[in-house]
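Numbering (this note's numbering), first residue to last: 3 to 236.
Below is one structure, written out as structure tokens; the observations come after it.
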């Protein structure tokens, strides 16, 4: 079985282009001690994009995972640029790849509840965004354990129209970056009046930009190919 390993800002994925993935395959291959190691396993068949988290659970969408999948497809076609629309569990997601940078149309980002310092945000998957004094000081493991069905982001304003950001992803734990989480963070901060509609989100693994529009959010960031691997699988 042929796999590609890629990452977006350290949020790493295994991408499978010739067969469907499942939860057992994801748990086995994403294990960082006994498998290849990754935050998730993506399969792409006829532009149908499916993601399983490292724990085997299925995820609706992933901004970093979509960029990585586009890069994997482009490499398989021997091209550097690609304009592709994937069908995901959260709906269609268009990805425009130019070299090592891709922009994803992430769909509608909806702030469902806005508290004084916390917000529930939908990006095709559910997020809890918490406004804190210092994201680096927060116990993300405890927050993730308290909200196992949500992706949890802790944010603070870093500079004008820019956010400091950390994330605990359901099914994967603390990750170096999260594309849907960056969109959720930007939408919540914009709703609080802290940033404008174009936001730089400083993930631990690097920066992405989010542009909030009426019907979609545009997420732009890098994607890096790591390796192609041949893996034995029943």
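Cβ coordinates follow ideal geometry from the N, Cα and C atoms, glycine included.
- In terms of Cβ geometry, residue 170 and residue 145 form a close pair [threshold 8 Å].
- Assigned with DSSP and collapsed to three states, residue 186 falls in helix.
- Here residue 177 carries a coil assignment [DSSP, helix/strand/coil].
- Inclusion of residue 111 and residue 97 in the CB contact set at 8 Å is not warranted, their separation being larger than that value.
- Contiguous beta strand (DSSP E) elements confined to the segment 78-134 occur at 83-90, 93-100, 103-107, 112-116, 120-124 and 128-133, taking only those with 3 or more residues.
- Per DSSP, the unbroken alpha helix (DSSP H) holding residue 30 starts and ends at 25-32.
- Bounds of the alpha helix (DSSP H) holding residue 146 are 142-148.
- Under the three-state reduction of DSSP output, residue 138 falls in the helix class.
- Along the length of the segment 186-218, whole beta strand (DSSP E) runs at least 3 residues long occupy 200-205 and 208-214, reported in chain order.
- Contact between residue 58 and residue 93 does not hold, since their C-beta atoms are separated by about 23 Å, which reaches or exceeds 8 Å.
- The shortest CA-to-CA distance from residue 231 to any of 12, 219, 19 and 10 is the one to 19.
- Counting C-beta pairs closer than 8 Å gives fewer than three between the segment 55-74 and the segment 114-121, which falls short of the contact rule.
- Of all C-beta pairs linking the segment 148-163 to the segment 78-95, fewer than three are shorter than 8 Å, placing the two stretches out of contact.
- From the listed residues 215, 48, 26 and 129, the smallest Cα separation to residue 150 is found for 129.
- Take the alpha-carbon of residue 95 and the one of residue 212: they are about 15 Å apart.
- In the DSSP assignment, the residues bridged to residue 6 are 17 and 230.
- Taking residue 120 as the centre and dropping the five residues before and after it, the same chain places the C-beta of 132 closer than 6 Å to its C-beta, in chain order.
- Restricting attention to 25, 4 and 31, the CA atom closest to the CA of residue 14 is found in 31.
- When DSSP states are grouped into helix, strand and coil, residue 156 belongs to the strand group.
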